[in-house]
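Colleague: For the sequence shown, this note's numbering assigns the number 5 to the initial residue and increments by one for each residue that follows.
Think of the CB as a built atom: it goes at the ideal place given N, C-alpha and C, for glycine as much as any other residue.
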Amino acid sequence: MERLDVRTVNPSINRGSTYLYDNMNHMNHVRAKARELGTQSYGINGGDITVDWQEAFCELENGFRGVAVSSGLLACTAPLLALLGEGDHLLMIDSVYGPVRTFCDNYLPRIGVSVTYYDPVCTLDELDRLRTPATRVLYLETPGSVTFEMQDIPALAAWAKDRGLRTIIDNTWGTGLYFKPLDHGVDISTHAATKYMCGHSDVVSGAIVCNEETVREVEAIRDLFGLSVAPDEIYMGLRGLRTMAIRLPVHWHNGLAMANHLKGLPEVANVLHPALEQDPGHALWQRDFTGASGLFSVVLSRDVSWEQVDAFLRALKLYGLGYSWGGFESLCVPHRPQAERTGSTWPRPGIGEGFVLRFHAGLEDPDDLIADIDQAIHAMKKV
């Protein structure tokens with residue numbers, strides 16, 4: 005039967021574990037080119053749809069090559085395994101995503117890697133005093149998880165390069181649309197693609213964007229550990245990535261509307277959102293970023309009790325109580341930054357000493373989101 009030369013809009017999901025070659029010359033040629041180009045030649049590396057996904061998120065950040073993994077946590081930890089070995093030392097930001105801290109505390113010492121946590125707002129001189137002859141990697145995150153400190157990424161990347169250190173950044177908040185770390189000198193940018201890239205709270209996925217100097221080391225870890233990603237998840241990621249530029253401005257503006265409303269409430273001591281003019285990191289955000297995501301935190305007044313926080317969370321109708329933000333639904337979860345810090349103190353002077361709530365602004369109507377906060381505050385006051 006004659007086959008017509010047509011195609012679908014979306015890529016096909018290739019489910020396969022075995023690649024077939026015409027002959028040995030063909031096999032040797034393809035496998036050699038695959039190592040050079042980072043393309044598929046063996047089932048664990050995925051199919052055409054995997055290449056499409058990696059090229060898409062890599063192009064978003066002007067990288068050399070992308071590496072797909074199965075979770076955001078793995079996107080953060082695989083580069084550490086790629087760049088660190090026995091006897092090496094890691095400088096890790098103290099505001100790092102909690103599961104990455106757990107990895108650093110519980111696994112890296114088992115392979116002979118030592119870790120020092122540094123204050124997210126420390127000076128370069130202070131960072132120099134923490135560096136040792138064994139330091140190999142500087143890990144960055146801007147803004148910081150939960151507490152949203154901004155880092156001067158161009159200055160830190162230049163400082164690291166002058167000292168022969170590699171740099172890794174968690175850029176999930178910046179998405180690649182609003183911040184491009186490799187353009188500022190960073191070596192590797194990682195993402196929980198679970199969040200804004202996929203965007204619908206139905207996929208767990210990770211993305212790693214590498215420069216030319218680091219990509220083969222990261223790909224080697226992927227191959228050694230068999231870090232494959234199912235084509236169905238990749239299909240969902242590509243679907244989400246196509247609409248991210250449409251969704252993100254809604255998250256951004258909903259979040260700003262919520263933040264501006266919250267900062268005027270007597271129950272709120274501070275709003276931690278770098279896009280707000282009064283935020284300590286606003287100048288850095290304005291210089292380096294072209295937009296903001298919908299994630300931010302508030303510090304409640306010191307006289308708000310835990311029982312009142314619980315009442316507030318129970319009263320919310322439009323906000324889910326859950327982690328893994330970036331989807332269409334708004335979220336609110338409590339955090340205790342002071343319990344997760346070892347290289348810096350919390351709270352900082354002038355920030356406020358109350359409980360911390362982290363909000364994710366979804367795609368709902370902003371007036372409805374604000375009204376829901378107000379009615380939950382009213383319920384909280386009754387406790």
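Buried or exposed: where does residue 101 fall if 16 or more other Cβ atoms within 10 Å of its Cβ makes it buried?
Modeller: To locate residue 101, count along the sequence shown from 1; it is residue 97. Counting Cβ neighbours within 10 Å, residue 101 comes out buried, since at least 16 surround it.
Colleague: One question on the structure: do residue 54 and residue 72 come within less than 8 Å of each other, judged by their Cβ atoms?
Modeller: Here residue 54 corresponds to residue number 50 of the sequence shown, with the count starting at 1. Here residue 72 corresponds to residue number 68 of the sequence shown, with the count starting at 1. Result yes, Cβ atoms of residue 54 and residue 72 sit closer than 8 Å.
Colleague: Rounded to whole angstroms, what's the CA-CA distance from residue 108 to residue 149? Just pull it up for me.
Modeller: Position 104 of the sequence shown, counted from the start, is the residue given in the question as residue 108. Position 145 of the sequence shown, counted from the start, is the residue given in the question as residue 149. If you take the alpha carbons of residue 108 and residue 149, they lie about 16 Å apart.
Colleague: Taking only runs of the beta strand (DSSP E) that begin and end inside the region 23-100, which ones reach a length of at least 3 residues, in chain order?
Modeller: Within the region 23-100, the complete beta strand (DSSP E) runs of at least 3 residues are 69-73 and 93-97.
Colleague: In chain order, which alpha helix (DSSP H) runs of at least 4 residues are fully inside the region 119-156?
Modeller: Qualifying alpha helix (DSSP H) stretches, in chain order: 128-134.
Colleague: For residue 381 versus residue 262, is the C-beta distance shorter than 8 Å?
Modeller: Sequence index remark: in the sequence shown, residue 381 carries index 377 (1-based). Sequence index remark: in the sequence shown, residue 262 carries index 258 (1-based). For residue 381 and residue 262, no; Cβs fall outside 8 Å.
Colleague: Are there any heavy atoms of the ligand SAH lying less than 7 Å away from the beta-carbon of residue 10, as far as the coordinates show?
Modeller: Questions concerning the ligand SAH fall outside what the structure shown contains, since it holds no ligand whatsoever.
Colleague: Quick check on the DSSP output: what are the complete alpha helix (DSSP H) runs of length 4 or more inside the region 234-275, in order along the chain?
Modeller: Entirely contained in the region 234-275, the alpha helix (DSSP H) runs reaching 4 residues are, in chain order, 235-266.
Colleague: Is the region 278-290 touching the region 166-174 in the sense that three or more CB pairs, one from each, lie closer than 8 Å?
Modeller: No contact exists between the region 166-174 and the region 278-290.
Colleague: Residues bridged to residue 425 by DSSP?
Modeller: No statement about residue 425 is possible, as the shown extent of the chain runs from 5 to 387 and does not include it.
Colleague: When you compare each of 202, 183 and 351 to residue 64 by their alpha carbons, which one comes out closest?
Modeller: Within the sequence shown, the letter at position 60 stands for residue 64. Here the closest residue by C-alpha is 183.
Colleague: DSSP on residue 204, reduced to helix/strand/coil?
Modeller: Start at 1 with the first residue of the sequence shown, and residue 204 comes out as number 200. It is coil, neither helix nor strand.
Colleague: Going by DSSP in three states, residue 178 sits in which element: helix, strand or coil?
Modeller: The count along the sequence shown starts at 1 and reaches residue 178 at position 174. Residue 178: coil per DSSP, three-state reduction.
Colleague: Where residue 115 and residue 174 are concerned, what is the direct C-alpha to C-alpha distance, given to the nearest angstrom?
Modeller: Your numbering for residue 115 matches position 111 in the sequence shown. Your numbering for residue 174 matches position 170 in the sequence shown. One C-alpha to the other measures close to 23 Å.
Colleague: Identify whether residue 288 lies in helix, strand or coil by the three-state DSSP scheme.
Modeller: On the sequence shown, residue 288 is found 284 positions in, with the first residue counted as 1. Residue 288: helix per DSSP, three-state reduction.
Colleague: Rounding to the nearest angstrom, what Cα-Cα distance links residue 52 and residue 89 in this structure?
Modeller: Taking the sequence shown and counting its residues from 1, one reaches residue 52 at position 48. Taking the sequence shown and counting its residues from 1, one reaches residue 89 at position 85. So the alpha carbons of these two residues sit roughly 33 Å apart.
Colleague: For residue 179 versus residue 83, is the C-beta spacing smaller than 8 Å?
Modeller: Here residue 179 corresponds to residue number 175 of the sequence shown, with the count starting at 1. Here residue 83 corresponds to residue number 79 of the sequence shown, with the count starting at 1. Result no, Cβ atoms of residue 179 and residue 83 do not sit closer than 8 Å.
Colleague: Specify, as a first and last residue, the run of the alpha helix (DSSP H) that residue 194 falls within.
Modeller: For this step, residue 194 is matched to residue 190 along the sequence shown. Here residue 194 belongs to no alpha helix (DSSP H); instead the beta strand (DSSP E) covers 192-195.
Colleague: Grab me the residues of residue 275's own chain with a C-beta within less than 6 Å of its C-beta, minus the 5 sequence neighbours each way, in chain order.
Modeller: By one-based count along the sequence shown, residue 275 stands at place 271. Within the same chain, residue 275 has close Cβ partners 263, 266, 267 and 302.
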